[in-house]
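Read through the structure below, which is laid out as structure tokens, and then see the notes.
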Amino acid sequence: MACRLARGRTARRALSLLHRPPIEPAPSPTASKACLHGAATLLQGDETGVLIDRSGLILPPGAPNTPSSSTARKRTPMEQHLASLVLHRGGPLTVAEFMHDALTHPTHGYYTAKCDVFGARGGFVTSPEISQLFGEAIGVWAVATWQSLGSPSKFKLVELGPGRGTLMADLMRGTQCFTAFQDGLEEVALVEVSAVLRERQLEALRGSPLSLDRVKHYGSLEEIEDGDVPTLYIGHEFLDALPVHQFVKRDDAWREVLVDVADGEEGGEGEEGEEGGEGGGGGDARAFRLVVAPYETFALKTVLPARLRDLDEATRESLDAIEVSPAVIGLASDLARRIQKNGGAAILVDYGQDGPYESSLVAIKDHAFADVLADPGAVDLSAYVDFDAVRSGCEKEGAVMHGPVDQGVLLKALGIDERLQALIGASAGDEGATKRLVDGYKRIVGDGEGEMGVRYKAVCLTKRGCGVAVGFD
Ligand code: SAH
Numbered sequence: 080m081a082c083r084l085a086r087g088r089t090a091r092r093a094l095s096l097l098h099r100p101p102i103e104p105a106p107s108p109t110a111s112k113a114c115l116h117g118a119a120t121l122l123q124g125d126e127t128g129v130l131i132d133r134s135g136l137i138l139p140p141g142a143p144n145t146p147s148s149s150t151a152r153k154r155t156p157m158e159q160h161l162a163s164l165v166l167h168r169g170g171p172l173t174v175a176e177f178m179h180d181a182l183t184h185p186t187h188g189y190y191t192a193k194c195d196v197f198g199a200r201g202g203f204v205t206s207p208e209i210s211q212l213f214g215e216a217i218g219v220w221a222v223a224t225w226q227s228l229g230s231p232s233k234f235k236l237v238e239l240g241p242g243r244g245t246l247m248a249d250l251m252r253g254t255q256c257f258t259a260f261q262d263g264l265e266e267v268a269l270v271e272v273s274a275v276l277r278e279r280q281l282e283a284l285r286g287s288p289l290s291l292d293r294v295k296h297y298g299s300l301e302e303i304e305d306g307d308v309p310t311l312y313i314g315h316e317f318l319d320a321l322p323v324h325q326f327v328k329r330d331d332a333w334r335e336v337l338v339d340v341a342d343g344e345e346g347g348e349g350e351e352g353e354e355g356g357e358g359g360g361g362g363d364a365r366a367f368r369l370v371v372a373p374y375e376t377f378a379l380k381t382v383l384p385a386r387l388r389d390l391d392e393a394t395r396e397s398l399d400a401i402e403v404s405p406a407v408i409g410l411a412s413d414l415a416r417r418i419q420k421n422g423g424a425a426i427l428v429d430y431g432q433d434g435p436y437e438s439s440l441v442a443i444k445d446h447a448f449a450d451v452l453a454d455p456g457a458v459d460l461s462a463y464v465d466f467d468a469v470r471s472g473c474e475k476e477g478a479v480m481h482g483p484v485d486q487g488v489l490l491k492a493l494g495i496d497e498r499l500q501a502l503i504g505a506s507a508g509d510e511g512a513t514k515r516l517v518d519g520y521k522r523i524v525g526d527g528e529g530e531m532g533v534r535y536k537a538v539c540l541t542k543r544g545c546g547v548a549v550g551f552d
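Under this note's numbering, the residues of the sequence shown are numbered 80 to 552, in order.
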């Protein structure tokens, strides 16, 4: 598969597999694995082969995360937590474990600890936050899909990772004239890990036609009972927040990339939550570094072969590295199983491509790309979505994945142009309002620099044989 480095990448940064500078979407980085010379020596392994002799972990000269004791700094609470995991584990973490805790640790995680990660003052802006047209278009998808299911008198709506709740609030407002649709809603289930965001979501929905006694929060999709009513699932920028494992090929053998403490000492010099403890590297150096396990990790023996099996031979042979998210594949399977059992459909929108990435994990802070390892918990970590892996997960349960299609194409198929004109008409010559509407429209539909119409893709999961994928023809 095509691999390329991002624009403007410095040689220093290009060294590191995980440290991706500002990039265009959908890249498949390449040269970065060259720096991962961590020749760890297997000391003692359990069946997952995790215990290692850390003295054997070698970084190449000049690698960006080589620690410097002269500028040592204290670990943040999140760094202490992660380092103590390394200590108690007796070996490095997988990239997936690092990502999982950095994003969703109950007190120090990026989504869980920060008050508001969205909007101009947060870390990033999403399509529903840019324009009401986005949530309204997803509302059109929901009503049309519900109609294609025979307008069931009872059904559920599930949103995965609703953020501020803006998409759902716009969807409910946009569909309020479809009374049978809104009356049939047995429950609106919101899958959200952050207590702060749960509050924000309820606040947003308080101003919508949806009565809050039909809204329920869950920590994960698994927590929602299967039940027996058809269900529509919506996930916008949810899949990219799910953890990924990273693997690289070394002398024709696959190896897993792991995250170790940067100072070569066992982590957790202070117990979790304690202040202090040096060894974070120093200055702006990282507390962690990447190493390559010289042995077969558990994920290498399970997650990797399962994904490689699903790829065609040419793609498999062309890869020197690969990123795999069992969480994404498992979610797709769970959605597909539910849809096959009860009817319904899922729409998932995210940045990604229809195939695997060698390495795509990025960190985003204050609307700019940042260092993936540098400040876990304070930066957003996000991996581009391999929609082919979503397809694999979905097809394992017998359901069908439609797409991916470009977000701009989907929104147009869902009537966004007509809705824009109607809103401009309703703004009665208010030039400011018209400009905001048109600017927002362009940003979410356009294909230019900084626009999201092509960078973001959508897929729809339906039941085999009787699913209509509205907007995906
Ligand atoms: N859909 C929203 C927010 C996207 S950000 C929008 O487009 O604006 C990702 C969202 O998923 C956040 O609400 C975050 O708190 C939530 N989230 C991330 N990882 C999660 C997980 N593992 N389980 C549940 N929610 C998660």
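Ideal Cβ placement from N, Cα and C applies to all residues, glycine included.
So who's on the other strand from SER461, going by DSSP bridges? BP columns for SER461 point to VAL441.
Answer yes or no: the CB of TYR190 versus the heavy atoms of ligand 1, is any distance below 7 Å? The answer is yes for TYR190.
Report the option in GLN261, ARG243, CYS256 whose CA atom is closest to the CA atom of GLU278. Looking only at GLN261, ARG243, CYS256, the smallest Cα-Cα distance to GLU278 is reached by ARG243.
Say the cut is 7 Å; is the CB of LEU276 nearer than that to a heavy atom of ligand 1? Result yes, Cβ under 7 Å from ligand 1.
Counting only runs that start and end within the region 247-281, where is the beta strand (DSSP E) found for 3 or more residues in a row? For the region 247-281, whole beta strand (DSSP E) runs of length 3 or above, ordered along the chain, are 264-270.
For GLY487 and ARG252, what's the separation of their Cα atoms in angstroms? The straight-line gap from Cα to Cα measures roughly 22 Å.
In three-state DSSP terms, what is LEU161? When DSSP states are grouped into helix, strand and coil, LEU161 belongs to the helix group.
Just how far apart, CA to CA, sit TRP333 and ILE401? Each residue's Cα considered, the two are about 9 Å apart.
Give me the Cα-Cα distance between LEU410 and VAL464, rounded to the nearest whole angstrom. About 13 Å.
Tell me the rounded alpha-carbon separation between GLY314 and ARG386. GLY314 and ARG386 have their C-alpha atoms some 22 Å from each other.
Could you check how far apart the C-beta atoms of VAL308 and PHE377 are, in whole angstroms? I think they sit under 8 Å. Contact doesn't hold; Cβ gap of about 38 Å is too wide.
When the Cα of PRO405 is compared with those of ALA341, LEU321, ARG329, which residue comes out closest? Closest by alpha carbon: LEU321.
Distance, Cα to Cα, LEU490 vs ASP496? Separation of LEU490 and ASP496 (C-alpha to C-alpha, rounded to the nearest whole angstrom) is 8 Å.
SER163 to GLU176, Cα distance in whole Å? Between the C-alpha atoms of SER163 and GLU176 there is a straight-line separation of about 13 Å.
So if DSSP puts ASP429 in a beta bridge, which residue, or which two residues, is it bridged to? In the DSSP assignment, the residues bridged to ASP429 are LYS536.
Would you call the CB atoms of LEU250 and TYR312 closer than 8 Å? If you check the CB distance, LEU250 and TYR312 do not come in under 8 Å.
Would you identify the three-state DSSP class for PHE551, choosing helix, strand or coil? Looking at PHE551 - three-state DSSP - the assignment turns out to be coil, as it is neither helix nor strand.
Tell me, to the nearest whole angstrom, how far the beta carbon of TYR520 is from that of LEU493; I am working on the premise that it is less than 8 Å. Actually they do not touch by this definition, with Cβ atoms about 13 Å apart.
With a CB to CB cut of under 6 Å and the five nearest residues on each side skipped, what residues in its chain are close to ALA248? Sequence-distant partners of ALA248 (beyond 5 residues in either direction) whose C-beta falls short of 6 Å from its own C-beta, in its chain, are ALA283, LEU284, SER287.
Reference ARG168; option with closest CA among LEU182, GLU266, GLY306, ASP339: Its Cα nearest to that of ARG168, the residue ASP339 stands out among LEU182, GLU266, GLY306, ASP339.
Cβ neighbour criterion (16 or more within 10 Å) applied to LEU291: By the neighbour-count criterion, in which a residue is buried when 16 or more other Cβ atoms sit within 10 angstroms of its Cβ, LEU291 is exposed.
Have a look at PRO171, LEU289, GLU158, GLY550 and flag the residue whose alpha-carbon is nearest the alpha-carbon of TYR374. The shortest C-alpha separation from TYR374 is found at PRO171.
Among the residues of its own chain, which have a CB less than 7 Å from the CB of ARG395, if the five just before and after it don't count? For ARG395, where only same-chain residues beyond five positions count, the Cβ hits under 7 Å are LEU387.
Could you tell me the distance, in whole angstroms, from the CA atom of LEU502 to the CA atom of MET531? Going by the C-alpha atoms only, they are around 21 Å apart.
So, at 7 Å on beta carbons, what are the nonlocal neighbours of ARG470 in its own chain, with the 5 sequence-adjacent residues on each side left out? Scanning its chain for C-beta atoms nearer than 7 Å, with the 5 sequence neighbours on each side dropped, one finds around ARG470 the residues MET480, in chain order.
Does MET178 come out as helix, strand or coil in the three-state DSSP assignment? Residue state, collapsed to three classes: helix.
Tell me whether SER111 sits in a helix, a strand or coil according to DSSP, three-state version. Here the model assigns SER111 a pLDDT of 24, short of 50, so the residue's position is not dependable, and the following value carries that caveat. Under the three-state reduction of DSSP, SER111 is assigned to helix.
Delimiting residues of the alpha helix (DSSP H) encompassing GLY218: Where GLY218 is concerned, the enclosing alpha helix (DSSP H) stretches over 211-227.
Whole angstroms is fine: what's the gap from GLN123's alpha carbon to LEU236's? Interpretation of GLN123 is limited by its pLDDT of 26, a score under 50 that renders its predicted location unreliable; the figure taken from the coordinates is listed afterwards. Distance from the CA atom of GLN123 to the CA atom of LEU236, rounded to whole angstroms, is 49 Å.
Locate the beta strand (DSSP E) running through LEU239, then write down its first and last residues. Secondary structure note for LEU239: its beta strand (DSSP E) is the uninterrupted segment 234-239.
Consider the C-beta atom of HIS315 and the heavy atoms of ligand 1; say whether any pair is separated by less than 7 Å. Residue side-chain check: HIS315 places its Cβ nearer than 7 Å to a non-hydrogen atom of ligand 1.
Where GLY544 and PRO483 are concerned, what is the direct C-alpha to C-alpha distance, given to the nearest angstrom? Each residue's Cα considered, the two are about 19 Å apart.
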